[in-house]
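Novice: In our numbering, the protein residues as written are 4 to 342.
Note that CB positions come from ideal geometry on N, CA and C, so glycine has one too.
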Amino acid sequence: MGQDRTRLVDKVYDVRCPNCALELPAADRTNPEVRYGDRILVLKYLYLFQEPRRWDVVVFKSPDDPAYQQNFIKRLVGKPGESIMILDGDIYVGKGNDSGTYRIQSKPRYVQQDLWRNIYDNDHYPLGRVNRADPWRQPWGVADEHSGWSGLGTQRGQQRRVFAFDNMDGGSTIRFDPNANQTNAFTDYLVYDLEEVQRVGARYRANPVSDLKLEFFYRRKAGDGPLRLRMTKGGDAFITELTPGRAKLIHERGVTSTVIGEAAISDQRAAVKVELTNHDYQVSLRIDDQELIRTTAEQYQPDVKSMLAQHSAGRSGAMPTLQIAAQRQQSQISHLKLA
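(1) Using the C-alpha atoms, what's the distance from Asp214 back to Met322?
(2) To which residues of the same chain is His282 closer than 6 Å at the C-beta, ignoring the five residues directly before and after it?
(3) Taking only three categories from DSSP, how would you classify Lys308?
(4) Compute the beta-carbon to beta-carbon distance between Leu252 and Gly264, rounded to the nearest angstrom, for a pair I have assumed lies under 8 Å.
(5) Under DSSP, the alpha helix (DSSP H) around Tyr113 begins and ends at which residues?
(6) Output the boundary residues of the beta strand (DSSP E) element that contains Phe219.
(7) Where Leu79 and Arg56 are concerned, what is the direct C-alpha to C-alpha distance, given to the nearest angstrom?
(8) Tell me whether Ile327 is buried or exposed, calling it buried when 16 or more other Cβ atoms sit within 10 Å of its Cβ.
(9) Starting from the Cα of Asp169, find the closest Cα among Gly317, Gly97, Arg223, Leu46 and give me that residue.
(10) List the DSSP bridge partners of Phe52.
(11) Exposed or buried, which one is Ile268 when buried takes at least 16 other CB atoms within 10 Å?
(12) Helix, strand or coil: which one does DSSP assign to Gln271?
(13) Which residues share a DSSP beta bridge with His282?
(14) For the beta strand (DSSP E) that Tyr95 lies in, which residues bound it at each end?
(15) If you draw a straight line from the C-alpha of Ser65 to the C-alpha of Gln304, how long is it?
(16) For the beta strand (DSSP E) containing Ser65, list its first residue and its last residue.
(17) In chain order, what residues of the same chain have a beta carbon less than 6 Å from the beta carbon of Ala183, not counting five sequence neighbours either side?
(18) Can you pull the DSSP bridge partners for Phe179?
(19) So who's on the other strand from Leu232, going by DSSP bridges?
(20) On the CB-based measure, 16 or more other CB atoms within 10 Å of its CB, does Thr299 come out buried or exposed?
(21) Tell me Trp152's beta-bridge partners as DSSP assigns them.
(22) Can you give the beta carbon distance from Thr280 to Lys216, rounded, assuming they're within the 8 Å contact cut?
(23) By Cβ distance below 8 Å, which residues in the same chain neighbour Arg272 in space, the five residues on each side in sequence not counted?
(24) In the DSSP output, which residue or residues are listed as bridge partners for Ala266?
(25) Exposed or buried, which one is Leu197 when buried takes at least 16 other CB atoms within 10 Å?
(26) Taking Tyr105 as part of the beta strand (DSSP E), name the residues at either end of that continuous run.
(27) Answer with buried or exposed for Pro181, where buried requires no fewer than 16 other C-beta atoms within 10 angstroms of its C-beta.
(28) Give the C-beta separation of Val96 and Lys77 to the nearest angstrom, bearing in mind that I take them to be a contact with Cβ-Cβ under 8 Å.
(29) For Leu245, which residues from the same chain have a beta carbon less than 6 Å from its beta carbon, with the 5 sequence-adjacent residues on both sides left out?
(30) Could you give the distance in angstroms between the alpha-carbon of Thr104 and the alpha-carbon of Gln330?
(31) Does the Cβ of Phe179 have 16 or more other Cβ atoms within 10 Å, making it buried, or fewer, making it exposed?
(32) CA-CA distance, Glu54 and Phe189?
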């Protein structure tokens, strides 16, 4: 009996929450973290052979610290001789107080991928009741009076995690509501131990964040109508249009509409992975992990002087908006994530 009991204790199973689908691998329990603090392996000799590059993660000590003991781990944004400005969360490099010389520094994909913070993941839509003081609700909802969408929290079981569209004659739009739940907000709000953060005796005000990444798997079952993704940042709107065999990226500003680029794609009868991002004033469309269209600095860039004036006046930037519209088709959207 003792031997059998030992075997039972040693046997470990993966755990999956039946409500939100969160998975806890067996290794997390059989190999628990030893909480002695972080251990980081540092390659000290790299910069003997090459100069530091922007966006490197570097470890250094402050030369002004008499003890010269404290290690700092930071991401490098500025190099010798540069003036750095942080505006609306982005990094600019220029010369002194001349705002006209500052240019935004866009992060390469491998860096940006490490910096995205998850806002919403529809794969973890709760299948059962959520017991909390402020009721949780699905942030995606129908934005018009037309019909066609299902799966927005109205179906049963796993169907709630798949958005389906079925309307061969018309179209309809769903919109993400960042105010549905506090953790889904398009702001720099982060969950810390303190419920409210006090700054100089005043309540902390969250700042809008308009750099977004939308990704999902899209399967077209029937129809030739377009699927359109619309993402805004300030006064700019970017629309991705997917039709059988074709993808298009459009830039709208005011009454002006410009096609950024077009590319051939599959007919989407088999599910394809779609990713639309806007970060550091670069918009990119990727299909099945291949970049098809990207804006250039000539097509899309920040108005630094206008943004500085807005900041000096104490005005916050406009909140971004995000929509998905389908027309004349039967299709499914699954594994939808927003960061």
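Specialist: A quick look at the data gives this:
(1) Here residue 322 corresponds to residue number 319 of the sequence shown, with the count starting at 1. Here residue 214 corresponds to residue number 211 of the sequence shown, with the count starting at 1. Each residue's alpha carbon lies about 10 Å from the other.
(2) What you label residue 282 is simply residue 279 of the sequence shown in a count that begins at 1. These residues qualify, in order along the chain: Gln115, Asp214.
(3) In the sequence shown, the residue the question calls residue 308 occupies position 305. If DSSP states are grouped into helix, strand and coil, Lys308 belongs with the helices.
(4) Position 249 of the sequence shown, counted from the first residue, corresponds to residue 252. Position 261 of the sequence shown, counted from the first residue, corresponds to residue 264. Contact between Leu252 and Gly264 holds, since their C-beta atoms are separated by about 5 Å, short of 8 Å.
(5) Locating residue 113 in the sequence shown gives position 110, where the first residue counts as 1. Per DSSP, Tyr113 belongs to the alpha helix (DSSP H) from 112 to 118.
(6) Along the sequence shown, read from residue 1 onward, the residue named residue 219 stands at position 216. Its beta strand (DSSP E) spans residues 215 to 225.
(7) Translated into the one-based positions of the sequence shown, residue 79 becomes position 76. Translated into the one-based positions of the sequence shown, residue 56 becomes position 53. When rounded, the distance between both Cα atoms is 7 Å.
(8) The sequence position of residue 327 within the sequence shown is 324, counting from 1. Ile327 comes out buried.
(9) Reading the sequence shown from its first residue, position 166 is the one you call residue 169. For Asp169, the nearest C-alpha among the options comes from Arg223.
(10) Counting from one through the sequence shown, the residue named residue 52 turns up at place 49. BP columns for Phe52 are empty, so no partner.
(11) For the purposes of this step, residue 268 is identified with residue 265 of the sequence shown, where counting begins at 1. By the neighbour-count rule (16 or more Cβ atoms within 10 Å), Ile268 is buried.
(12) On the sequence shown, residue 271 is found 268 positions in, with the first residue counted as 1. Coil.
(13) Counting from 1 along the sequence shown, the entry for residue 282 is found at position 279. According to DSSP, His282 bridges with Gln285.
(14) For this step, residue 95 is matched to residue 92 along the sequence shown. That run of the beta strand (DSSP E) goes 93 to 98.
(15) In the sequence shown, the residue the question calls residue 65 occupies position 62. In the sequence shown, the residue the question calls residue 304 occupies position 301. Each residue's Cα considered, the two are about 35 Å apart.
(16) Taking the sequence shown and counting its residues from 1, the one referred to as residue 65 is at position 62. For Ser65, there is no enclosing beta strand (DSSP E), as DSSP marks it with neither H nor E.
(17) Indexing the sequence shown from 1 puts residue 183 at position 180. The answer, listed in chain order, is Arg140, Pro142.
(18) Position 176 of the sequence shown, counted from the first residue, corresponds to residue 179. Answer is Trp143, bridged to Phe179.
(19) Taking the sequence shown and counting its residues from 1, one reaches residue 232 at position 229. Partner(s): Thr243, Ile327.
(20) Here residue 299 corresponds to residue number 296 of the sequence shown, with the count starting at 1. Under this definition Thr299 is an exposed residue.
(21) Looking up residue 152 in the sequence shown gives position 149. Looking at the DSSP assignment, Trp152 forms a beta bridge with Phe168.
(22) One-based indexing of the sequence shown puts residue 280 at position 277. One-based indexing of the sequence shown puts residue 216 at position 213. 4 Å between Cβ atoms; contact.
(23) One-based indexing of the sequence shown puts residue 272 at position 269. Arg222, Arg223, Lys224.
(24) What you label residue 266 is simply residue 263 of the sequence shown in a count that begins at 1. DSSP lists Ala250 as partners of Ala266.
(25) For the purposes of this step, residue 197 is taken as the residue at position 194 of the sequence shown. For Leu197, the pLDDT reaches just 48, beneath the cut-off of 50, and the residue's location in the model is therefore unreliable, although a value from the coordinates is still provided. By the neighbour-count rule (16 or more Cβ atoms within 10 Å), Leu197 is not buried but exposed.
(26) In the sequence shown, counting from the first residue as 1, residue 105 sits at position 102. Element bounds for Tyr105: 101 to 107.
(27) By one-based count along the sequence shown, residue 181 stands at place 178. By the Cβ neighbour-count rule, Pro181 is buried, with 16 or more other Cβ atoms within 10 Å of its own.
(28) Against the sequence shown, residue 96 aligns to sequence position 93. Against the sequence shown, residue 77 aligns to sequence position 74. With 8 Å as the limit, Val96 and Lys77 do not qualify as a contact, their Cβ atoms being about 17 Å apart.
(29) Counted from its first residue, the sequence shown places residue 245 at position 242. If we look at Leu245 and ignore the five residues flanking it on each side, its Cβ neighbours are Leu230.
(30) Numbered from its first residue, the sequence shown carries residue 104 at position 101. Numbered from its first residue, the sequence shown carries residue 330 at position 327. Approximately 45 Å between the Cα atoms of the pair.
(31) For the purposes of this step, residue 179 is taken as the residue at position 176 of the sequence shown. Result: buried.
(32) For this step, residue 54 is matched to residue 51 along the sequence shown. For this step, residue 189 is matched to residue 186 along the sequence shown. Between the alpha carbons of Glu54 and Phe189 lies a distance of about 36 Å.
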